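These notes concern the structure reproduced below.
2 protein chains.
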Amino acid sequence: MNISNDMIADIRQFNRFYTNILGVLDKHILDTGYSFTEARVILEIGLMEQCIANNLVDKLEIDRSYMSRIINKLSKDGLVMKENSILDNRTSLIRLTPKGITFFNQINEKSDKQIVRLFEGLSQKEIKEIHASMLFIQKKLDSLE
Amino acid sequence: MNISNDMIADIRQFNRFYTNILGVLDKHILDTGYSFTEARVILEIGLMEQCIANNLVDKLEIDRSYMSRIINKLSKDGLVMKENSILDNRTSLIRLTPKGITFFNQINEKSDKQIVRLFEGLSQKEIKEIHASMLFIQKKLDSLE
DNA sequence: AGTATTAGTGGATAAAGTCCACTAAAAGGA
DNA sequence: TCCTTTTAGTGGACTTTATCCACTAATACT
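Chains as they are written, first to last, in the numbering used here: chain A, 144 to 288; chain B, 144 to 288.
Here it is in structure tokens:
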């Protein structure tokens, strides 16, 4: 085996630590009045620009009927619009409304600010090193999947 | 500001990536028939060795009444035992039973194996570098709190 | 002693998520 | 083509998870 028990313990400790960091960073989502799941849906629609419900189901691993209800709620709230697809009459093309885009942007700006906040107190050099460490970890672990 | 927009984007990308990793690593918890929350309680009791319900409430940020129900369930299931405190008659000292300790150990072993699995395919050198990166990130970000 | 706080509990309810059965459209054969 | 199978989406019913509140009993405070 290439990995010692001490290393495993350290890595698991890092995971607990970073889970915590992620929790702190994401908490602001709930200030919007939407749940994490709903916010994930909104953000994913924003990223995809246009999609159908099933794309979101696959990508976010959310139950189809649950997704249907979430999209309806978001649609009622005016964050999302559904347009009948011409190519496939079973589906609707889903997009953010201007209000949805505003929401999307606000979340993103807030998330960016959270990162700035997390790193304030560190020197430029330290930040660069952390950044490099993250890229490195991601590159190495990503290559395995 | 010490941190560029590109870096922020990279870090947020890393966070999404690592959220995913953590999700994969933790999924096995659900195979036990207990929820994440219940498992967190069991693991925390295992770590604390002995505690009262309110310690768990504070540490895990779970509602008091919910905690009460969880502990009762775990007690009914024979994973946890409550012993009346002599010092404070309002409280019970909570501990894992042998069955609970077995559960605790199984979860930990499985989690260790998940780490091994995550890293297999990487060379010893690469693992060492990832390990060092994690320690570095943790050291730097931990110092801020 | 008398008041305030703290620990824990159960009832009621809300929020989140799952399961199933169904409709309607599309895709894939003989 | 017709017929079967698959896919997309929906709503009803339900379970699980979590929260809120009011209450009891014990301890801490002054």
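Every residue gets a Cβ at the ideal spot worked out from N, C-alpha and C, and that includes glycine.
These numbers come from a predicted model, not from an experiment.
Task: chain A contact for Ser276 of chain B (CB, 7 angstroms cutoff) - done: Against the second sequence, residue 276 of chain B aligns to sequence position 133. At least one chain A Cβ lies under 7 angstroms of Ser276 of chain B.
Open item on the list: Just verifying my parser: in three-state terms, what is the DSSP assignment at Arg212 of chain A?
Closed with: Here residue 212 of chain A refers to the residue found at position 69 when the first sequence is read from its first residue. Of the three classes helix, strand and coil, the one that applies to Arg212 of chain A here is helix, per DSSP.
TODO: For Val167 of chain B, count neighbouring Cβ atoms within 10 angstroms of its own Cβ and tell me buried if that reaches 16, exposed if not.
DONE: Taking the first residue of the second sequence as position 1, residue 167 of chain B is located at position 24. Exposed, since its Cβ has fewer than 16 Cβ neighbours within 10 Å.
Open item on the list: Checking 7 angstroms against the spacing of the C-beta atoms, do Phe279 of chain A and Ser276 of chain B come in under that value?
Closed with: By one-based count along the first sequence, residue 279 of chain A stands at place 136. By one-based count along the second sequence, residue 276 of chain B stands at place 133. Ser276 of chain B is positioned such that its CB atom lies closer than 7 angstroms to that of Phe279 of chain A.
- [ ] Check the Cβ-Cβ distances between Asp174 of chain B and every residue of chain A, and say whether any is below 7 angstroms.
- [x] Sequence index remark: in the second sequence, residue 174 of chain B carries index 31 (1-based). It does not: the Cβ of Asp174 of chain B has no partner Cβ on chain A nearer than 7 angstroms.
Open item on the list: If you follow the beta strand (DSSP E) that Met224 of chain B is in, where does it begin and where does it stop?
Closed with: For the purposes of this step, residue 224 of chain B is taken as residue 81 along the second sequence, with counting starting at 1. Here the beta strand (DSSP E) through Met224 of chain B covers 223-227.
TODO: Indicate the three-state DSSP secondary structure (helix, strand or coil) for Arg233 of chain B in the structure shown.
DONE: Looking up residue 233 of chain B in the second sequence gives position 90. Three-state result, Arg233 of chain B: coil.
Open item on the list: If the criterion is Cβ atoms closer than 7 angstroms, does the pair His171 of chain A and Met150 of chain B meet it?
Closed with: Position 28 of the first sequence, counting from 1, holds the residue named residue 171 of chain A. Position 7 of the second sequence, counting from 1, holds the residue named residue 150 of chain B. With a cutoff of 7 angstroms on beta-carbon distance, His171 of chain A and Met150 of chain B are scored as not near each other.
Open item on the list: Using a 10 Å radius around the Cβ and a threshold of 16 neighbouring Cβ atoms, would you call Tyr209 of chain A buried or exposed?
Closed with: Looking up residue 209 of chain A in the first sequence gives position 66. Exposed, since its Cβ has fewer than 16 Cβ neighbours within 10 Å.
TODO: Using a Cβ-Cβ cut-off of less than 8 angstroms, list which residues of the region 192-218 of chain B approach chain A; keep chain order.
DONE: Nothing from the region 192-218 of chain B brings a Cβ to less than 8 angstroms from some Cβ of chain A.
Open item on the list: Just list the residues that DSSP pairs Arg238 of chain A with in beta bridges.
Closed with: One-based indexing of the first sequence puts residue 238 of chain A at position 95. Per DSSP, A:Met224.
TODO: Please go through the same chain and pick out, in chain order, the residues whose beta-carbon is closer than 6 angstroms to the beta-carbon of Arg238 of chain A, but skip the five residues on each side of it.
DONE: Along the first sequence, read from residue 1 onward, the residue named residue 238 of chain A stands at position 95. Counting only Cβ-Cβ distances below 6 angstroms, and skipping sequence neighbours, we find Gln193, Met224.
TODO: Along the alpha helix (DSSP H) that carries Gln281 of chain A, what are the first and last residues, could you check?
DONE: Translated into the one-based positions of the first sequence, residue 281 of chain A becomes position 138. Residue range 267-285 is occupied by the alpha helix (DSSP H) that includes Gln281 of chain A.
Open item on the list: Please tell me whether Glu269 of chain B has its Cβ less than 7 angstroms away from any Cβ of chain A.
Closed with: Here the question's residue 269 of chain B lines up with position 126 in the second sequence. Cβ-Cβ to chain A under 7 angstroms: yes for Glu269 of chain B.
Task: Between the CA atoms of Asn251 of chain B and Ser228 of chain B - distance to the nearest angstrom - done: For the purposes of this step, residue 228 of chain B is identified with residue 85 of the second sequence, where counting begins at 1. For the purposes of this step, residue 251 of chain B is identified with residue 108 of the second sequence, where counting begins at 1. Rounded to whole angstroms, Ser228 of chain B to Asn251 of chain B spans 29 angstroms at the Cα level.
Task: Proximity winner among B:Leu261, B:Ile258, B:Ser218, B:Asp231, relative to Lys242 of chain B (alpha-carbon distances) - done: As a position in the second sequence, residue 242 of chain B is number 99, starting the count at 1. Considering only alpha carbons, the answer is B:Ser218.
Task: Contact under 7 angstroms by Cβ, Thr162 of chain B with Leu190 of chain A - done: As a working note, residue 162 of chain B is residue 19 in the second sequence. As a working note, residue 190 of chain A is residue 47 in the first sequence. The answer is no: Cβ separation not under 7 angstroms.
Open item on the list: Suppose you measure from the CA of Ile270 of chain B to the CA of Gly264 of chain A; what does that come to, to the nearest Å?
Closed with: Along the second sequence, one-based indexing puts residue 270 of chain B at 127. Along the first sequence, one-based indexing puts residue 264 of chain A at 121. Distance from the CA atom of Ile270 of chain B to the CA atom of Gly264 of chain A, rounded to whole angstroms, is 29 angstroms.
Task: Cβ-Cβ separation, Leu173 of chain B to Glu187 of chain B (assumed contact under 8 angstroms), whole Å - done: Locating residue 187 of chain B in the second sequence gives position 44, counting from the first residue. Locating residue 173 of chain B in the second sequence gives position 30, counting from the first residue. With a contact defined as Cβ atoms closer than 8 angstroms, Glu187 of chain B and Leu173 of chain B miss out at about 18 angstroms.
Task: Where the alpha helix (DSSP H) containing Ile188 of chain B begins and where it ends - done: For the purposes of this step, residue 188 of chain B is taken as the residue at position 45 of the second sequence. Segment 179-191, the alpha helix (DSSP H) holding Ile188 of chain B.
Task: Nearest-angstrom Cα separation, counted from Phe157 of chain B out to Asp201 of chain A - done: In the first sequence, the residue the question calls residue 201 of chain A occupies position 58. In the second sequence, the residue the question calls residue 157 of chain B occupies position 14. In a straight line, the C-alpha of Asp201 of chain A is about 21 angstroms away from that of Phe157 of chain B.
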